[in-house]
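The structure appears below as structure tokens.
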Amino acid sequence: MTGTRLSEVVVVIGEALMDIVRRDGVVIHEAPGGSPANVSLAVARLGASSHLLTAFGDDDHGSRIREWLDEAGVETCRTRLDRTGTAVADLGPDGSATYEFDLCWKLSQPPIDDIDPGIVHAGSIAAILPPGSTQVQEMLASARAHSLTTYDPNVRPALLPDHAGAVRDVEDMVSSADVVKASDDDLRWLYPERSPLRSASEWLARGPALVVVTGGGEGATAVTSAFTVTSEARRVDVVDTVGAGDAFMGALIVALLRRGYANAAARDRLRAVGAGEIRELLEFATDAAAITVSRPGADPPFQDEMTAASSRSGLI
Numbered sequence: 001m002t003g004t005r006l007s008e009v010v011v012v013i014g015e016a017l018m019d020i021v022r023r024d025g026v027v028i029h030e031a032p033g034g035s036p037a038n039v040s041l042a043v044a045r046l047g048a049s050s051h052l053l054t055a056f057g058d059d060d061h062g063s064r065i066r067e068w069l070d071e072a073g074v075e076t077c078r079t080r081l082d083r084t085g086t087a088v089a090d091l092g093p094d095g096s097a098t099y100e101f102d103l104c105w106k107l108s109q110p111p112i113d114d115i116d117p118g119i120v121h122a123g124s125i126a127a128i129l130p131p132g133s134t135q136v137q138e139m140l141a142s143a144r145a146h147s148l149t150t151y152d153p154n155v156r157p158a159l160l161p162d163h164a165g166a167v168r169d170v171e172d173m174v175s176s177a178d179v180v181k182a183s184d185d186d187l188r189w190l191y192p193e194r195s196p197l198r199s200a201s202e203w204l205a206r207g208p209a210l211v212v213v214t215g216g217g218e219g220a221t222a223v224t225s226a227f228t229v230t231s232e233a234r235r236v237d238v239v240d241t242v243g244a245g246d247a248f249m250g251a252l253i254v255a256l257l258r259r260g261y262a263n264a265a266a267r268d269r270l271r272a273v274g275a276g277e278i279r280e281l282l283e284f285a286t287d288a289a290a291i292t293v294s295r296p297g298a299d300p301p302f303q304d305e306m307t308a309a310s311s312r313s314g315l316i
């Protein structure tokens with residue numbers, strides 16, 4: 001496979017925020033972000049046509065988000081909010097982050113059918129924060145008629161006082177997705193009584209063909225009905241982990257496109273895929289995440305960076 005520009009369209013549904021990164025209480029970095037927005041950026045940088053259905057304000061933060069997305073070539077369909085949300089990430093000594101959020105979420109009904117996407121992705125806060133979450137859930141479910149669908153819960157406990165309700169919402173989204181990516185921390189929070197891999201296996205019964213569990217420096221494991229495959233993480237000096245999971249998700253989507261999983265008709269073929277091909281998908285995504293954690297903030301790699309890093313997968 002080559003790194004040529006892909007013709008298939010990816011639609012990402014979800015929030016765009018301003019990320020404010022602090023270490024020891026001091027702001028060290030401020031930049032546009034939000035998990036779905038980061039995914040849409042990663043998709044565009046890796047050579048796919050990326051559309052983001054999102055919501056933010058007409059304030060200074062919103063202007064920065066708009067410029068950031070425009071520069072990356074992301075097509076944006078925006079619902080106007082009174083103010084743009086923020087996410088404050090406090091970094092620990094090892095570069096890991098804990099988050100505080102200030103945002104509201106709602107979404108106008110955008111014309112997904114007019115875009116004709118090969119893959120529709122949804123995730124994170126937008127899928128569980130009302131009033132917009134109901135629309136996101138309905139949009140992902142309806143997209144399955146024509147598109148391959150992907151989902152990343154990217155759980156934010158600070159916004160989820162109702163644990164049981166959050167589990168129900170996440171499981172509803174899982175039922176509408178062909179591919180689900182979740183971190184081991186996500187799964188431990190959702191299901192503290194069982195292991196992440198067991199939870200991933202149980203999600204398969206809800207409909208996905210593939211569930212991927214990421215483990216940071218431990219790499220990623222893909223679970224299907226037939227087998228389990230693990231890809232080790234590339235060893236790098238970690239600056240911080242902000243946006244690593246989003247870079248992984250965006251790269252996984254592009255890897256699926258490059259392997260031809262670009263519409264609903266590919267669903268059965270994805271269910272029959274072999275372990276070697278799944279390992280290639282994981283290697284491409286883990287390599288993208290490794291580049292991201294080697295520099296500050298949510299800054300996913302470009303195609304040429306993946307080539308220069310000698311991505312193991314052969315997908316670029």
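In terms of the UniProt record's numbering, the sequence shown opens at residue 1 and continues consecutively.
Heads up, the beta-carbon is just placed ideally off N, CA and C, and yes, glycines get one too.
In this text, all values refer to a predicted model and were calculated from it rather than measured experimentally.
L41 and P296 - do their beta-carbons sit closer together than 8 Å?
no
Report back the beta-carbon spacing between I112 and A72 to the nearest angstrom; my notes put them in contact at under 8 Å.
The Cβ separation is near 20 Å, so there is no contact.
Going by DSSP in three states, L17 sits in which element: helix, strand or coil?
strand
Over the uninterrupted alpha helix (DSSP H) stretch that includes P196, give me the two end residues.
Note, P196: alpha helix (DSSP H), 196-204.
Confirm the yes/no value for this check: CB of T292, any heavy atom of the ligand NAD, distance under 7 Å.
No copy of the ligand NAD appears in this structure; indeed no ligand is present at all.
Within its chain, find whatever has a CB closer than 6 Å to the CB of V12; leave out the 5 residues flanking it on each side and keep chain order.
Within the same chain, and ignoring the five residues on either side of V12 in sequence, the residues whose Cβ sits closer than 6 Å to its Cβ are P36, V39, S40, L52, H121.
Short of 8 Å in beta carbon distance, which residues of its chain neighbour R23, apart from the five on each side in sequence? Order them along the chain.
D90, L91
With 16 as the cutoff for other CB atoms within 10 Å, does F227 come out buried or exposed?
exposed
At what residues does the beta strand (DSSP E) containing A55 begin and finish?
Boundaries of the beta strand (DSSP E) around A55: 49-57.
Just the C-alpha distance for A182 and D60, rounded to the nearest angstrom, thanks.
Approximately 32 Å between the Cα atoms of the pair.
Residue range of the alpha helix (DSSP H) that S133 falls in?
133-143
T224 by DSSP, collapsed to three states: which one?
coil
As a quick exercise: from I128, G250, A285, pick the residue whose alpha carbon is nearest that of T150.
G250
Going by CA-CA distance only, name the one from K106, Y99, Q137, V88 that's closest to R78.
Of K106, Y99, Q137, V88, the residue nearest in Cα terms is K106.
In this structure, what does DSSP give as the bridge partners for H121?
V12, T150
Got a sec? Which residues, its chain only, sit under 6 Å from P153 by beta carbon, not counting five neighbours each side?
So the list reads V170, A182, D186, once near-sequence residues are dropped.
Looking at C-alpha atoms only, which residue of L46, S7, R66, V27 is the closest neighbour of G33?
R66
Give the C-beta separation of L210 and L270 to the nearest angstrom, bearing in mind that I take them to be a contact with Cβ-Cβ under 8 Å.
7 Å
Cutting at 6 Å between CB atoms, please list the residues of its own chain near A247, excluding the five before and the five after it.
A42, A288, A289, T292, P300
Tell me which residue opens and which closes the alpha helix (DSSP H) that S35 is part of.
35-45
Whose CA, out of A166, A48, G95, Q135, lies closest to the CA of V9?
Nearest C-alpha to V9: A48.
Three or more C-beta pairs closer than 8 Å, one from the segment 270-280 and one from the segment 207-223: is that the case here?
With a cut-off of 8 Å, the segment 207-223 and the segment 270-280 count as touching, because enough Cβ pairs lie within range.
According to the neighbour-count rule (16 or more other Cβ atoms, all chains shown, within 10 Å of its Cβ), is I28 buried or exposed?
exposed
Which same chain residues, not among the five before or five after V136, have their C-beta less than 6 Å away from its C-beta?
I13, A122, A126, A127
Beta strand (DSSP E) containing E277: first to last residue?
Counting along the chain, E277 falls outside any beta strand (DSSP E), though it belongs to the alpha helix (DSSP H) covering 275-293.
Can you tell me which of M173, D58, T76 puts its alpha carbon nearest to the alpha carbon of S124?
M173
Please say whether L103 and L17 have beta carbons closer to each other than 8 Å?
yes
Can you say whether M1 is buried or exposed, counting buried as having 16 or more other CB atoms within 10 angstroms of its CB?
Any reading at M1 must be qualified, since the residue scores a pLDDT of 40, below 50, and its modelled position is unreliable; the value itself is stated next. M1 comes out exposed.
Enumerate, from N- to C-terminal direction, the unbroken alpha helix (DSSP H) stretches of 4 or more residues contained entirely within the segment 211-271.
244-258, 267-271
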